[in-house]
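**Q** Handing you this structure, nothing more for now.
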Amino acid sequence: MVRDMQSNIKRIVNLETLAAWTNKRRIIQQAVFTELCNMLDPGKPSFTPKKGKPCVVMFVGLQGSGKTTTCTKYAYYHQRKGFKPALVCADTFRAGAFDQLKQNATKAKIPFYGSYMESDPVKIAVEGVEKFKKENCDLVIVDTSGRHNKKQLFLKKCAKFQKRRVAATKSQVIFIGTGEHIDEFEVFDVKPFVSRLLGMGDWSGFMDKIHEVVPTDQQPELLQKLSEGTFTGLCMSSSRTY
Numbered sequence: 001m002v003r004d005m006q007s008n009i010k011r012i013v014n015l016e017t018l019a020a021w022t023n024k025r026r027i028i029q030q031a032v033f034t035e036l037c038n039m040l041d042p043g044k045p046s047f048t049p050k051k052g053k054p055c056v057v058m059f060v061g062l063q064g065s066g067k068t069t070t071c072t073k074y075a076y077y078h079q080r081k082g083f084k085p086a087l088v089c090a091d092t093f094r095a096g097a098f099d100q101l102k103q104n105a106t107k108a109k110i111p112f113y114g115s116y117m118e119s120d121p122v123k124i125a126v127e128g129v130e131k132f133k134k135e136n137c138d139l140v141i142v143d144t145s146g147r148h149n150k151k152q153l154f155l156k157k158c159a160k161f162q163k164r165r166v167a168a169t170k171s172q173v174i175f176i177g178t179g180e181h182i183d184e185f186e187v188f189d190v191k192p193f194v195s196r197l198l199g200m201g202d203w204s205g206f207m208d209k210i211h212e213v214v215p216t217d218q219q220p221e222l223l224q225k226l227s228e229g230t231f232t233g234l235c236m237s238s239s240r241t242y
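Written out as structure tokens, the structure reads:
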């Protein structure tokens, strides 16, 4: 992939044909930006749960990759969007898995289900999903084990639990975690992401953050300060509500 990107950039940017006054760094930066966007953007819409329509999302990944934390972030994100999420701990291999999920869910005020006694992850998952469907939860998130030496057994049990086809989203990245806290989680937007990656800034992301943390009645004043060039970090801090 890297070699392909290098070849594409060399094909697009021919330094020998550029005029002497041309900002070569800017042109190369724009070419890299375009190629990275093409590489990261699958060109397909990502899977999006529908509010009010029951949906089960199962997290699968390597051990230690942060699935349990991400499950809570995913649930909390949708809770703030008006969903009624719930968490199910179907990780029966890792010691402390249920305790971690319970602690995260309690902090985020999200209902959860798990068991200290049951060793069958399929049974826990099925019971948890049925329980929360009866409670009209429209987004049930199942946290699974990432244990390596039992991955074949684990995948067979996952296949047993998930009888219906998984939605074919063809999306490489849907969300990204931006920190340790449960609210540090955002929708992946390829252009702002690549722009930040290359140090070009992210105006749209900044505006989204203003709309998220600044009270509606104070937003016009902040936007006015931005247009006048008098905006500082203190303006943002003083406008936050806790």
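In terms of UniProt numbering, the sequence shown has 48 at position 48, counting the first letter as 1, and numbering is strictly consecutive.
In this text, a Cβ means the ideal position worked out from N, Cα and C, and glycines have one as well.
Being a predicted model, the structure only gives us computed values, none of them experimental.
Tell me which residue opens and which closes the beta strand (DSSP E) that D41 is part of.
**A** D41 -> no beta strand (DSSP E), and no H or E assigned at all.
**Q** By the 10 Å Cβ neighbour count, where 16 or more other Cβ atoms means buried, how is N23 classified, buried or exposed?
**A** So N23 ends up on the exposed side.
**Q** Could you say if the stretch 34-48 and the stretch 170-180 meet the contact criterion of at least three C-beta pairs nearer than 8 Å?
**A** At 8 Å Cβ cutoff, the stretches touch.
**Q** Enumerate, from N- to C-terminal direction, the unbroken alpha helix (DSSP H) stretches of 4 or more residues contained entirely within the stretch 20-94.
**A** Listed in chain order, they are 24-40, 67-80.
**Q** Span of the beta strand (DSSP E) holding L139?
**A** It spans 139-143 - the beta strand (DSSP E) in which L139 sits, taken as one unbroken run.
**Q** With H, G and I counted as helix, E and B as strand and the rest as coil, what does DSSP make of E130?
**A** The answer is helix: DSSP assigns E130 an H, G or I state.
**Q** Are the beta-carbon atoms belonging to F83 and L139 less than 9 Å from one another?
**A** Yes.
**Q** Could you give the DSSP three-state label for V194: helix, strand or coil?
**A** Of the three classes helix, strand and coil, the one that applies to V194 here is helix, per DSSP.
**Q** Does V187 come out as helix, strand or coil in the three-state DSSP assignment?
**A** Here V187 sits in strand by DSSP.
**Q** Count the C-beta pairs between the stretch 126-137 and the stretch 98-108 that are closer than 8 Å, then say yes if the count reaches three, no if not.
**A** Touching, no, given that fewer than three Cβ pairs across the two stretches are closer than 8 Å.
**Q** Quick one: residues in its chain with C-beta nearer than 6 Å to the C-beta of M117, no 5 flanking neighbours on either side, listed in chain order?
**A** If we look at M117 and ignore the five residues flanking it on each side, it has no Cβ neighbours.
**Q** Contact check, T68 vs A97 under 8 Å by CB: the rounded distance?
**A** Right, their Cβ atoms sit about 7 Å apart.
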